[in-house]
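*Asks:* Note that my numbering has the sequence shown beginning at 961, numbered continuously upward.
Note that the Cβ used here is the ideal one computed from N, Cα and C, for glycine as well.
Okay, here's the structure, questions in a sec.
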Amino acid sequence: MKSQLLIVLSIFILSSCAEKEITITPIKTIADASMRGLYSVNEQVSWVSGTNGVVLHTSNNKDWIKYQDTSWSHLDFRDIHAFNDKEAIIMSSGNGCEIYKTQDGSKTWELVYENHQNGIFFDGMDFWDNKNGIAFSDPINNQLYIITTSDGGSSWGKLESIELPQIIRGEAGFAASGTGIQCVGDSTVYIGTGGSKEARLYISHNRGKNWIAANTPMRKGDASGIYSLIFMDEKNGVLVGGNYLDSASVEGSCAVTSDGGLTWKLPQNPPTGYMSCVTHNNDGILICTGRNGVGVSYDKGNNWKHITDDAYYSCVMSGETGWLTGRDGRMAKIIIE
């Protein structure tokens, strides 16, 4: 562990309401893994997943328990969803997909879905509630490949007879943090794409049966587009991404909406380049992270302030606390005061 990773990074930021102190504290490496899957159930319970068969979880927001299965060494679990400190679901990304579920706090895992069809590459999953969830893969036969569950992730099936817009050549999702999909309310779901002449947001208001696709001002072209999205409510949302091969560029790295994703605009002061994840807490504070460090916004994503150059893949917040995860087992704790 390099000594500089133990330095506590603090910054005072003036919001429209009050001055906030955000403290980012790197913690000692727990696992030798690239960790992109990150989910918080509440301020105490969080889960992490990644490469080398590693899954971590904490039930007190401090002490992490590691599970590692060497038979998973070929899998990269880029998304994780949890319901409490006992039940969680992990999803692998890459050529083919395997989804596992634990109901005993990571002591044992059950394979609940696998798909090794040519072209399958799952990018993310999310849930409306403790039973109903949805996941998506890059296109098969010129349409996004979508599966759903109605039993808390114990079984999954392809969503058939759905109305999806035709894919644009090169269009696909990104599995940078598993947050290119989000369920909102009882039946709305959003999926972000890129890699083509348009970076589009797919919107469904009936749990994936019918979809529309809205164009966004996010950066277009190869390796470009929507890498992560977050809606604070059914109207206000934020997209982050850009181009990970041109990560210092702020071009099309963030967009905001106030009409449920139908129209988008670029922020006044965007984050400092490509970002792979964005999250928020119940007070409306937004955090984003990526190769260019960590940023914060207090005004629904319209203006961003840089916090640190330290790079992470994923971020999550619950209440006044949160976590960041990245490559080589890098993790940090977020405290907002």
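Could you tell me which of D1023, R996, N1012, E1297 sits nearest to T1030, measuring between CA atoms?
*Replies:* The residue with the shortest Cα to Cα distance from T1030 is N1012.
*Asks:* Give me the Cα-Cα distance between Y1187 and K980, rounded to the nearest whole angstrom.
*Replies:* Spanning the two alpha carbons is a distance of roughly 27 Å.
*Asks:* Is it right to say R996 is buried, meaning 16 or more other beta carbons lie within 10 angstroms of its own, or is it exposed?
*Replies:* Buried.
*Asks:* Suppose the cutoff is 8 Å on Cβ atoms and the five residues either side in sequence are ignored; what does the same chain contact list for G1168 look like?
*Replies:* Closer than 8 Å at Cβ, skipping near neighbours: I1094, I1106, T1108, L1119, I1122, V1149.
*Asks:* Excluding sequence positions up to five away, which residues of its chain have a Cβ less than 7 Å from the Cβ of N1002?
*Replies:* Excluding sequence neighbours, N1002 sits near S1278.
*Asks:* Pull up the DSSP beta-bridge partners for F1087, would you.
*Replies:* Bridge partners of F1087: G1093.
*Asks:* Round the Cβ separation of R1251 and S1207 to the nearest angstrom and send it over; I've been treating them as touching at under 8 Å.
*Replies:* So it is a contact: roughly 4 Å between Cβ atoms.
*Asks:* Please identify the residue among N1241, N1262, K1260, G1286 whose C-alpha is closest to the C-alpha of I982.
*Replies:* When only C-alpha atoms are compared, the closest one is N1241.
*Asks:* Please state the DSSP three-state secondary structure of W1116.
*Replies:* Coil at W1116, not helix or strand.
*Asks:* Can the beta-carbon of D1219 be found closer than 9 Å to that of K1195?
*Replies:* Yes, Cβ-Cβ distance for D1219 and K1195 is below 9 Å.
*Asks:* Pull the bridge partners of G1197 from the DSSP assignment, please.
*Replies:* The partner list for G1197 (beta bridge, DSSP) reads F1191, T1217.
*Asks:* In terms of residues, what are the limits of the beta strand (DSSP E) holding V1326?
*Replies:* In the structure as shown, the chain begins at 961 and stops at 1297. Residue 1326 is therefore absent and cannot be evaluated.
*Asks:* Tell me whether the region 1225 to 1235 and the region 1158 to 1175 touch, counting them as touching only if at least three CB pairs, one residue from each stretch, are closer than 8 Å.
*Replies:* No: fewer than three Cβ pairs fall under 8 Å.
*Asks:* If you count every other CB in all the chains shown that lies within 10 Å of the CB of H1301, and 16 or more means buried, which is it?
*Replies:* Nothing about residue 1301 can be reported from this structure: the residues present for the chain run from 961 to 1297 only.
*Asks:* From which residue to which residue does the beta strand (DSSP E) around P986 run?
*Replies:* Element bounds for P986: 979 to 986.
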